[in-house]
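Chemist: These protein sequence lines map, in sequence, to chains Z and X. Be aware that the first sequence starts at 501, since it is given in the working numbering, and climbs by one per residue. Be aware that the second sequence starts at 501, since it is given in the working numbering, and climbs by one per residue. Each residue gets a CB set at the ideal place from its N, CA and C atoms; glycine is no exception.
2 protein chains.
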Amino acid sequence: MEVMNKYISIKSHIDGVPEESDFELRTELLSVSLESGSNDVIVKNFYVSVDPYQINRMKKYSSSQEASSFAVAITPGQPIDAFGVGRVVASENPAFEKDDLVAGVTSWGDYSIVRGGNMLNKLDTMGFPLSYHLGPLAFSGLTAYGGFFEVCKPKKGEKVFVSSASGSVGNLVGQYAKLFGCYVVGCAGSQKKVELMKEKLGFDDAFNYKEETDLKSALKRYFPDGIDIYFDNVGAEMLEAAVANMNAFGRVAACGVISEYTDAGKRAAPSMLDVVYKRITIRGFLAADLMNVYADFISTTADHIRTGKLHVLEDISLGLESVPTAFIGLFRGDNVGKNMVKIADA
Amino acid sequence: MEVMNKYISIKSHIDGVPEESDFELRTELLSVSLESGSNDVIVKNFYVSVDPYQINRMKKYSSSQEASSFAVAITPGQPIDAFGVGRVVASENPAFEKDDLVAGVTSWGDYSIVRGGNMLNKLDTMGFPLSYHLGPLAFSGLTAYGGFFEVCKPKKGEKVFVSSASGSVGNLVGQYAKLFGCYVVGCAGSQKKVELMKEKLGFDDAFNYKEETDLKSALKRYFPDGIDIYFDNVGAEMLEAAVANMNAFGRVAACGVISEYTDAGKRAAPSMLDVVYKRITIRGFLAADLMNVYADFISTTADHIRTGKLHVLEDISLGLESVPTAFIGLFRGDNVGKNMVKIADA
Numbered sequence: 501m502e503v504m505n506k507y508i509s510i511k512s513h514i515d516g517v518p519e520e521s522d523f524e525l526r527t528e529l530l531s532v533s534l535e536s537g538s539n540d541v542i543v544k545n546f547y548v549s550v551d552p553y554q555i556n557r558m559k560k561y562s563s564s565q566e567a568s569s570f571a572v573a574i575t576p577g578q579p580i581d582a583f584g585v586g587r588v589v590a591s592e593n594p595a596f597e598k599d600d601l602v603a604g605v606t607s608w609g610d611y612s613i614v615r616g617g618n619m620l621n622k623l624d625t626m627g628f629p630l631s632y633h634l635g636p637l638a639f640s641g642l643t644a645y646g647g648f649f650e651v652c653k654p655k656k657g658e659k660v661f662v663s664s665a666s667g668s669v670g671n672l673v674g675q676y677a678k679l680f681g682c683y684v685v686g687c688a689g690s691q692k693k694v695e696l697m698k699e700k701l702g703f704d705d706a707f708n709y710k711e712e713t714d715l716k717s718a719l720k721r722y723f724p725d726g727i728d729i730y731f732d733n734v735g736a737e738m739l740e741a742a743v744a745n746m747n748a749f750g751r752v753a754a755c756g757v758i759s760e761y762t763d764a765g766k767r768a769a770p771s772m773l774d775v776v777y778k779r780i781t782i783r784g785f786l787a788a789d790l791m792n793v794y795a796d797f798i799s800t801t802a803d804h805i806r807t808g809k810l811h812v813l814e815d816i817s818l819g820l821e822s823v824p825t826a827f828i829g830l831f832r833g834d835n836v837g838k839n840m841v842k843i844a845d846a
Numbered sequence: 501m502e503v504m505n506k507y508i509s510i511k512s513h514i515d516g517v518p519e520e521s522d523f524e525l526r527t528e529l530l531s532v533s534l535e536s537g538s539n540d541v542i543v544k545n546f547y548v549s550v551d552p553y554q555i556n557r558m559k560k561y562s563s564s565q566e567a568s569s570f571a572v573a574i575t576p577g578q579p580i581d582a583f584g585v586g587r588v589v590a591s592e593n594p595a596f597e598k599d600d601l602v603a604g605v606t607s608w609g610d611y612s613i614v615r616g617g618n619m620l621n622k623l624d625t626m627g628f629p630l631s632y633h634l635g636p637l638a639f640s641g642l643t644a645y646g647g648f649f650e651v652c653k654p655k656k657g658e659k660v661f662v663s664s665a666s667g668s669v670g671n672l673v674g675q676y677a678k679l680f681g682c683y684v685v686g687c688a689g690s691q692k693k694v695e696l697m698k699e700k701l702g703f704d705d706a707f708n709y710k711e712e713t714d715l716k717s718a719l720k721r722y723f724p725d726g727i728d729i730y731f732d733n734v735g736a737e738m739l740e741a742a743v744a745n746m747n748a749f750g751r752v753a754a755c756g757v758i759s760e761y762t763d764a765g766k767r768a769a770p771s772m773l774d775v776v777y778k779r780i781t782i783r784g785f786l787a788a789d790l791m792n793v794y795a796d797f798i799s800t801t802a803d804h805i806r807t808g809k810l811h812v813l814e815d816i817s818l819g820l821e822s823v824p825t826a827f828i829g830l831f832r833g834d835n836v837g838k839n840m841v842k843i844a845d846a
């Protein structure tokens, strides 16, 4: 049996700001009969995640030998791996049966062949909407939870600054920090986002970085007693300004560098004198290294959502064709909350 | 009773590369009779330490309100605090008696008034020369030992890079790392220093950074399998190059930033993409925060020196008048090993 499958791919490597013309919608005839013993699984996608870090896998550099530490490179013309939620339509893997609801690494397509069933799991919705299993109950959530609690090691009452704070990870970091008992200020790139943070997410304060001419002074205003924890999603000038405003023994969780992803020449140059004298720790991390807190993360987060303490912020585009626009929008700051595309009804 | 005391001071704040003309030798009549109950102590200095970080305390910035995290500012015309070893000539402090041998914060002078006996300790030489108690058995040693073992958390066999590796701290870091079972490469600014590291200190390799046009490529040559630990004494381009060559879960101990101390515009801009993807930790530290390992540090280091496993590298200038030259020389890379000035015979 065969199905007509549509998927998004890149036409060639992308080394700057992504544009619609960098992407194409491809069509293939997909055989739904898998090789016996292959452990492969075919998934029909309902939702797929659209994340900024994927741009790094689209760069020419990512397929170079030097980039061994980067995630697997994306090959032009091929399907693009992405986190997704869907249903099994065929399985040669003993862990999955036809019609199982699954979450894991699928791809930007109607259907995904998941080789060996790698990084795919059966999904227990726990009564939550499917989309929650791409955001607060998936990697965005783990990144925020593990990044905040394990990497930042917060103490109650500490002053926390979050950049891209209305984004998929940032909004959760800010909410976790508030629930934990910290003072939280977020920044983002529009007044609408600032209001959302203050009114809906319960941040102590928030500001629009685009309206600030001097980020160092801005942070001094929002943190007259200094910053203890900076959850960094952007890098560049914001990291420099945060380090300049940091207290002794401050911690920076380096989660993302979105301002540098599309501009190879852009670099943060935090004062190393500050780093030494204020004994600052800057620590890069990936959610995949935080699986030790996964069980805690899921139970805590599910509880917070159920009791209404944690607000779920989603930005859902409709239809596979909207993936490139949703992706490009990330670098223009279009999204509010977890960015994803709904491919089909469950 | 009064003595004629000579001491070194700065004429005004120093904001660039220090020069002889920035310093002056001052003379004062010092009363050796202390106020009863003051807890003050007067020390006749035998050796005083001359360290790069002191330049930061001489900057105009250091006396500004913003610089609260910096060490206490040095005031023009006043004595300059420095670590020293000497003998008590007068004491109103119950912890010290006349003629006690002491080590701690004294000053660049023939005599030092140590107010309240703060940061002064009676010295047990353990049979070692007095000068050892300014270097490997004092803060340089603690910085190297604590910085390497506590901040870098090394594993045997890991690849360690040390900059300023023939300096007071760097040479000890490299030696501790070798004794612990790591692969160690150091860099310094002359061929003589390179030979010393390879032949006397037992480093696996060493190079002269002044002979390299591309530090990133140089480190790739010396670390074909990547760097696990970088003990950073210099900052700037070397930090960038080290981060670019770092392995996953690499650690940078940010100990000093000598290349930036005299050039406020100079900044390291390590790739934050590398920091995130390779989960690198950059951690600033000061020896004063590592007192928890002090007992271990002293016993281990004393043993290593006694058994000849740890080579003591000293650069001793003679006479109080030579302090400015010895200090200025630090920023030209003149010194090899622990830089100090012998003020008087014990």
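For the beta strand (DSSP E) that contains M558(Z), what are its first and last residues?
Modeler: From DSSP, M558(Z) is part of no beta strand (DSSP E) but of the alpha helix (DSSP H) over Q554 to M558.
Chemist: Confirm, please, whether the CB-CB distance from L525(X) to E740(X) is below 8 Å.
Modeler: The answer is no: Cβ separation not under 8 Å.
Chemist: Would you kindly check if the distance between the Cβ of F723(X) and the Cβ of V685(X) is under 8 Å?
Modeler: yes
Chemist: At the level of alpha carbons, what is the spacing between L620(X) and A764(X)?
Modeler: 33 Å
Chemist: Return the CA-CA distance between R806(X) and G735(X), expressed in angstroms with no decimal places.
Modeler: 34 Å
Chemist: Please report whether the beta-carbon of M772(X) lies at a distance below 8 Å from any beta-carbon of chain Z.
Modeler: yes
Chemist: Use the C-beta contact count for P824(Z): other C-beta atoms within 10 angstroms, 16 or more gives buried, fewer gives exposed.
Modeler: buried
Chemist: Alpha carbon to alpha carbon, what distance is there between H633(Z) and T801(Z)?
Modeler: 11 Å
Chemist: Is the beta carbon of F583(Z) sitting closer than 8 Å to the one on K622(Z)?
Modeler: no
Chemist: Where does S666(X) land, buried or exposed, given buried means 16+ other C-beta within 10 angstroms?
Modeler: Burial check for S666(X): the Cβ neighbour count within 10 Å reaches 16 or more, so the residue is buried.
Chemist: Give me the chain Z residues within the contact set of A768(X), using Cβ-Cβ distance strictly less than 7 Å, ordered along the chain.
Modeler: A769 and M772
Chemist: Name, in chain order, the residues that DSSP records as bridge partners for F703(Z).
Modeler: Its beta-bridge partners do not exist; DSSP assigns none.
Chemist: Nearest to G676(Z) by CA position, among K656(Z), E535(Z), K692(Z) and C687(Z), is which residue?
Modeler: A small correction: the amino acid at residue 676(Z) is Tyr; Gly does not occupy that position in the sequence shown. When only C-alpha atoms are compared, the closest one is K656(Z).
Chemist: Report the rounded CA-to-CA distance for R587(Z) versus F797(Z), giving the unit in angstroms.
Modeler: 24 Å
Chemist: Mapping DSSP to helix, strand and coil, what is D459(Z)?
Modeler: For chain Z, the structure presents residues 501 to 846; residue 459(Z) sits outside this window and is missing.
Chemist: Can you tell me which of the three DSSP states I798(Z) falls into?
Modeler: helix
Chemist: Does F661(Z) have its Cβ less than 8 Å from a Cβ in chain X?
Modeler: no
Chemist: Quick one: Cα of T625(Z) to Cα of L601(Z), how far?
Modeler: 9 Å
Chemist: Name the residues in the region 784-804 of chain Z whose C-beta lies less than 7 Å from a C-beta of chain X; which are they?
Modeler: G784, F785, L786 and D789
Chemist: Can you tell me where the beta strand (DSSP E) with K838(X) in it begins and where it stops?
Modeler: K838 to K842
Chemist: In the DSSP assignment, find the unbroken beta strand (DSSP E) run with G686(Z) in it and report its ends.
Modeler: Y683 to A688
Chemist: Which of the three DSSP states, helix, strand or coil, is assigned to K710(X)?
Modeler: helix
Chemist: Spell out whether any CB of chain X is found under 8 Å from the CB atom of E760(Z).
Modeler: Closer than 8 Å: yes.
Chemist: Going along chain Z in order, which residues have a C-beta closer than 8 Å to the C-beta of C755(X)?
Modeler: V776
Chemist: Do you know whose CA, among R779(X), F785(X) and N708(X), lies nearest Y777(Z)'s CA?
Modeler: F785(X)
Chemist: Can you tell which of V673(X), S533(X) and A795(X) has the C-alpha that lies nearest to the C-alpha of L701(X)?
Modeler: Distance from the Cα of L701(X) is smallest, within the candidate group V673(X), S533(X) and A795(X), for V673(X).
Chemist: In the DSSP assignment, the beta strand (DSSP E) including D815(X) goes from what residue to what residue?
Modeler: E814 to L818
Chemist: E462(Z): which of L679(Z), Y645(Z), G646(Z) and Y683(Z) sits nearest, CA to CA?
Modeler: Because chain Z here runs from 501 to 846, residue 462(Z) falls outside it and cannot be looked at.
Chemist: Would you say L790(X) and L637(X) are within 8 Å of each other, going by their C-beta atoms?
Modeler: no
Chemist: Are the region 743-762 of chain Z and the region 751-758 of chain X in contact at 8 Å, needing three or more beta carbon pairs?
Modeler: no
Chemist: Would you identify the three-state DSSP class for L634(Z), choosing helix, strand or coil?
Modeler: coil
Chemist: Give the range of the beta strand (DSSP E) segment to which I727(X) is assigned.
Modeler: I727 to D732
Chemist: Alpha helix (DSSP H) containing N593(X): first to last residue?
Modeler: Looking at the DSSP string, N593(X) is not in any alpha helix (DSSP H), and its letter there is neither H nor E.
Chemist: Please return the same chain residues whose Cβ sits closer than 6 Å to the Cβ of V757(X), not counting the five positions on each side in sequence.
Modeler: G735
Chemist: Who are the Cβ neighbours of E592(Z) in its own chain at under 7 Å, not counting the five residues just before and after it?
Modeler: Once the five neighbours on either side are set aside, the close Cβ partners of E592(Z) are L534, E535, S536, G537, S538, N539 and D540.
Chemist: Is the beta carbon of V532(Z) closer than 8 Å to that of A590(Z)?
Modeler: yes
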